[in-house]
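Quick note: to get my numbering, add 20 to the position in the sequence shown (first position is 1). Glycine included, every Cβ here is placed at the ideal spot set by N, Cα and C. A quick note: this is a predicted structure, and the numbers were derived from the prediction, not measured. Worksheet for the structure shown next.
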Amino acid sequence: MNLLTVNDLSFQREGYFAFKHVTFSLSQKESISITGDNGSGKTALLETLVGLNFPDSGQARYGAGFRIAFMPQIETEVVQEPVRDYLEIRRQATGELGVSNAQLKDLTSFMGMSPYLDHPVDTLSRGLSQRLSFLLAVCQRPNVLILDDPFSFQNSFYAHQMVEIFQDLKEHGAGIIVAGSIKDTTLSDEFDSKYLLQQKSLSPVQTGRGQNYLLAFKATSDSMAITKELGQYVTGTFDGQIQLRVSYNQKETILKAMLEMNYLFEGMVDLEV
């Protein structure tokens, strides 16, 4: 079932096209990544999909019963309330369709926001503000979740925490669209469909699924010693970075194990592409 159908969508601002003739669809249980250089029009496209911009041509049509949540690249609203109160106000505004109070507490803890619940929202750092914005979107329990550059101010641990949450939404029938930098390949393997926005046009990215991957991690002062089980996958170390060669079926398990041992995920290379 299609949650969103985009047909020949174009938008221009001040006489210049941000994007032209964009066509794609989003289905239930599908995640889509849209990458591009800074200024390529990704934010303008997402804002048009959620109704913040009026298109010059084409349309974005949602399926019946859609519930959309949007995480903007930058929150422009100045909020002086404590994080705790602001989250609860937004949760209650969603009504019965949103998460429960207990579920919100679990999500807040999962995203490492519990120590900041009494801090005024407008005093948060950029990274914490980004995590709060993410929580505000997912607490609505949408079936269409659109995220604009959600990982830009997050380390690999919290980026993967975000992915785990929206993958859970996807398993329950939601569709996900995430826009990000073309240079951020850390989570590129997490998406069902991939698109590149360049020269005002959106085009699908064809990728193969290799059998072997090279995972790179950075050791920190809190990193634990590599276990014998993980050591068999290590292919080399250099300047604090550790590389492991793993199969497709192993990579998620080993990635989780390394993160739990306080290693920072640096990136992944498909050795078969």
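- The three-state reading of DSSP puts Lys238 in strand, counting E and B together.
- Measuring C-alpha to C-alpha distances from Ala113 to each of Cys159, Leu137, Arg151, Pro135 identifies Cys159 as the nearest.
- DSSP, reduced to helix, strand and coil, places Phe177 within a helical segment of the structure shown.
- Burial is judged here by how many other beta carbons sit within 10 angstroms of a residue's own beta carbon; Ile54 has at least 16 and is buried.
- Burial is judged here by how many other beta carbons sit within 10 angstroms of a residue's own beta carbon; His192 has fewer than 16 and is exposed.
- Apart from sequence neighbours up to five positions away, the residues of its chain that approach Leu137 with a beta-carbon distance below 6 Å are Val103, Arg104, ordered along the chain.
- Closest option to Tyr36, judged by alpha-carbon separation, among Gly59, Leu24, Leu72, Leu23: Gly59.
- Here Asn121 carries a helix assignment [DSSP, helix/strand/coil].
- Contact between the stretch 23-30 and the stretch 67-79 is present, with at least three C-beta pairs closer than 8 Å.
- Under the DSSP assignment, Lys40 falls in the beta strand (DSSP E) whose first and last residues are 36-47.
- Non-local beta-carbon contacts of Lys238 in its own chain, meaning distances under 7 Å to residues more than five positions away in sequence, involve Gly260, Gln261, Tyr283, Leu284, Glu286 in chain order.
- The beta carbons of Tyr82 and Leu24 sit closer together than 8 Å.
- A direct Cα-Cα distance of roughly 18 Å separates Ser120 from Ser153.
- Counting the other CB atoms within 10 Å of its CB gives Met244 a total below 16, which places it among the exposed residues.
- Our two residues, Gly118 and Leu189, have alpha carbons roughly 12 Å apart in a direct line.
- Counting along the chain, Thr257 sits inside the beta strand (DSSP E) bounded by residues 254-258.
- Minimum Cα-Cα distance from Tyr253 among the listed residues Thr240, Asp242, Asp209, Gln270 corresponds to Gln270.
- Residue state for Glu97 is assigned as coil, using DSSP reduced to three classes.
- When the Cα atoms are used, Thr63 and Ala80 turn out to be separated by approximately 15 Å.
- Taking C-alpha positions only, Ile52 is separated from Leu235 by approximately 22 Å.
- Counting of Cβ neighbours within 10 angstroms places Met91 among the buried residues, the total reaching 16 or more.
- With respect to the 8 Å criterion, Leu156 and Arg87 are not classified as neighbours on the basis of their beta carbons.
- Bounds of the beta strand (DSSP E) holding Met91 are 88-91.
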